[in-house]
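Report on the following structure.
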Amino acid sequence: MVDREQLVQKARLAEQAERYDDMAAAMKNVTELNEPLSNEERNLLSVAYKNVVGARRSSWRVISSIEQKTSADGNEKKIEMVRAYREKIEKELEAVCQDVLSLLDNYLIKNCSETQYESKVFYLKMKGDYYRYLAEVATGEKRATVVESSEKAYSEAHEISKEHMQPTHPIRLGLALNYSVFYYEIQNAPEQACHLAKTAFDDAIAELDTLNEDSYKDSTLIMQLLRDNLTLWTSDQQDDDGGEENIPLPKLPQLPPQGSHCRHPLCTGAFPTAPRAGGRSWVEKLWGQRGVWRRSVVQCVKIQVLEAYW
């Protein structure tokens with residue numbers, strides 16, 4: 001029989017070595033033991049697959065951009081080569097997403113009890129995320145199907161979180177962040193995106209003084225992301241509407257400057273990597289992964305808008 005602790009230890013080692021495919025394989029084996037995951041195991045699974053799929057999403061965006069430029073050149077051989085390579089990346093991305101969705105449906109969501117609200121919201125958010133990643137590359141009826149599945153998962157998670165979790169809870173805030181990204185990026189519904197993000201931000205601000213020390217940093221980091229997205233989105237709306245401001249931006253004290261920058265050659269955006277005493281939290285640890293986060297509103301070819309990364 002496979003030793004669960006050995007698999008978890010292997011996942012930890014793979015994370016330190018940045019071998020995320022190995023990390024994902026180990027945590028997939030842990031999940032398939034069909035026992036509830038601890039918070040650490042749940043985060044290891046999420047980190048592993050987010051990095052695996054994140055690499056494909058980044059590659060797909062770069063190749064899609066190249067494909068658009070190549071199409072304008074009219075070189076048929078080059079166009080076909082780029083298209084074939086994009087399709088190869090799409091298949092890899094789809095395989096990863098289906099892998100995660102299978103684990104969620106067959107083990108993780110199914111095994112949540114009626115009172116495990118935090119786990120259920122976490123997994124439903126994850127389900128919405130991976131259907132959203134499929135929607136980024138899908139077209140036609142296939143896209144409509146995965147968009148509907150993503151919306152359904154996000155909506156169910158949102159209702160549970162509103163009823164059973166504090167507005168300042170990092171998982172509830174992360175859900176609101178990604179759900180609003182879904183509205184903006186996938187549904188092309190900026191007003192709904194802004195409303196959802198601003199409501200989540202305002203609700204959290206109202207209870208910020210009730211946060212304990214462990215949750216304070218994580219929650220305020222996610223709130224900063226909500227505000228950064230609102231800055232970007234309302235700026236876009238002002239441009240579209242001739243400079244009229246539609247939604248007042250919420251206020252949040254600036255977090256300490258971090259000084260780290262996205263290493264992607266096409267991006268000048270900064271992302272924070274501030275460690276706390278005793279080690280970084282999961283949110284902080286993920287924020288510093290592979291330069292896919294940014295605090296500025298500078299457009300980045302890797303991630304167009306900020307989203308929760310766990």
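Numbering (full-length UniProt numbering) for the sequence shown: 1 to 310. Backbone N, C-alpha and C define an ideal beta-carbon position, used for all residues, glycine too. The structure presented is a predicted model; accordingly, all values stated were derived computationally and were not measured.
- Sequence-distant partners of Leu124 (beyond 5 residues in either direction) whose C-beta falls short of 6 Å from its own C-beta, in its chain, are Ala153, Glu156 and Ala157.
- Shown here for Val2: same chain residues with a beta carbon closer than 8 Å to its own, the five before and five after excluded, namely Asn29 and Leu33 in chain order.
- The alpha-carbon of Asp22 is positioned some 14 Å away from that of Ala55.
- Secondary structure at Val2: coil, using DSSP grouped into helix, strand and coil.
- If the five residues before and after Ala200 are omitted, its C-beta is found closer than 8 Å to the C-beta atoms of Pro167, Arg172, Leu173, Ala176, Leu177, Ser180 and Leu226, all from its own chain and listed in chain order.
- Spatial neighbours of Trp60 in its own chain (CB-CB distance under 7 Å, excluding positions within 5 residues in sequence) are listed in chain order as Arg86, Ile89, Glu90, Leu93 and Val137.
- Approximately 12 Å separates the beta-carbon atoms of Ala48 and Ala17; this is outside 8 Å, ruling out the contact.
- With a 10 Å radius around the Cβ and a threshold of 16 neighbouring Cβ atoms, Leu13 comes out exposed.
- Remark: C-beta atoms of Tyr117 and Ile160 approach each other more closely than 9 Å.
- With respect to the C-alpha of Asp99, the residue from Met126, Val82 and Met81 having the closest C-alpha is Met126.
- In the displayed model, Thr234 falls within a helix according to three-state DSSP.
- Per DSSP, reduced to three states, the secondary structure at Ser119 is helical.
- Assigned with DSSP and collapsed to three states, Gln166 falls in coil, not helix or strand.
- Within the stretch 67–122, the runs of alpha helix (DSSP H) at least 4 residues long that lie entirely inside it are, in chain order, 76–103.
- For Ser38, the three-state secondary structure derived from DSSP is coil.
- Judged by DSSP in its simplified three-state form, Arg172 adopts helix.
- In terms of Cβ geometry, Leu221 and Ala197 do not form a close pair [threshold 9 Å].
- When the Cα atoms are used, Leu134 and Arg143 turn out to be separated by approximately 8 Å.
- Between Glu67 and Arg42, the CB-CB gap reaches or exceeds 9 Å.
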